[in-house]
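Student: Start counting at 1 in the sequence shown, then tack on 697, and there's your number in this note's numbering. The beta carbon of each residue, even a glycine, is placed where N, CA and C say it ideally should be.
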Amino acid sequence: MIQRSRAGAAISSTQAVQMMNHQHAVLVDVRTTEAYNAGHVPQARSVPLGDLEKKAGALPKNKPLIVICDVGRTAIGAATRLRAQGFTDVVTLEGGLKAWLTAGLPVTANKTGA
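1) Please classify Gly-736: does DSSP put it in a helix, a strand, or coil?
2) Grouping DSSP H, G and I as helix and E and B as strand, with all else coil, what is Thr-789?
3) My assumption, with CB atoms under 8 Å, is that Leu-724 sits in contact with Ile-765. Please give the rounded CB distance.
4) Whole angstroms is fine: what's the gap from Val-714's alpha carbon to Glu-731's?
5) Taking the continuous alpha helix (DSSP H) assigned at Leu-779, which residues delimit it?
6) Classify Gly-754 as helix, strand or coil using the three-state DSSP reduction.
7) Find out if the Cβ-Cβ distance for the pair Leu-746, Asp-767 is shorter than 9 Å.
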């Protein structure tokens with residue numbers, strides 16, 4: 698079940714996977730670049746919160762957006778900001794990356810070479 702609040706809808710990790718598979722939803726990771734590189738959901742786009750307004754133009758307005766952070770709190774504010782920029786189908790991942798990991802879903806890391 699999708700939970701709605703004043704800030705919008707929050708979905709479970711299972712619902713996020715379904716939206717990505719069936720609705721081609723785009724996962725927007727608003728954590729820092731360092732946190733994203735350390736581990737993120739495969740196919741997630743890194744759009745750090747501080748760059749959100751600047752980089753939002755590169756996000757598709759014709760697909761659902763799922764906003765993710767560490768535990769879900771930062772994503773709520775980011776989703777509100779995206780809606781203010783004209784994105785209409787925006788939800789957050791309830792519990793953030795922590796909930797994704799708890800559900801046993803995959804993450805990947807960007808390896809930096811020396």
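Tutor: With the structure as the only source:
1) As a working note, residue 736 is residue 39 in the sequence shown. In this structure, Gly-736 counts as coil in the three-state DSSP scheme.
2) Translated into the one-based positions of the sequence shown, residue 789 becomes position 92. Correct three-state label for Thr-789: strand.
3) What you label residue 724 is simply residue 27 of the sequence shown in a count that begins at 1. What you label residue 765 is simply residue 68 of the sequence shown in a count that begins at 1. Yes, they are in contact, since the Cβ atoms of Leu-724 and Ile-765 sit about 6 Å apart, within 8 Å.
4) Taking the sequence shown and counting its residues from 1, the one referred to as residue 714 is at position 17. Taking the sequence shown and counting its residues from 1, the one referred to as residue 731 is at position 34. C-alpha separation (whole angstroms): 24 Å.
5) Taking the sequence shown and counting its residues from 1, the one referred to as residue 779 is at position 82. Note, Leu-779: alpha helix (DSSP H), 770–781.
6) Your numbering for residue 754 matches position 57 in the sequence shown. Here Gly-754 sits in helix by DSSP.
7) What you label residue 746 is simply residue 49 of the sequence shown in a count that begins at 1. What you label residue 767 is simply residue 70 of the sequence shown in a count that begins at 1. Taking 9 Å as the Cβ cut-off, Leu-746 and Asp-767 do not qualify as a contacting pair.
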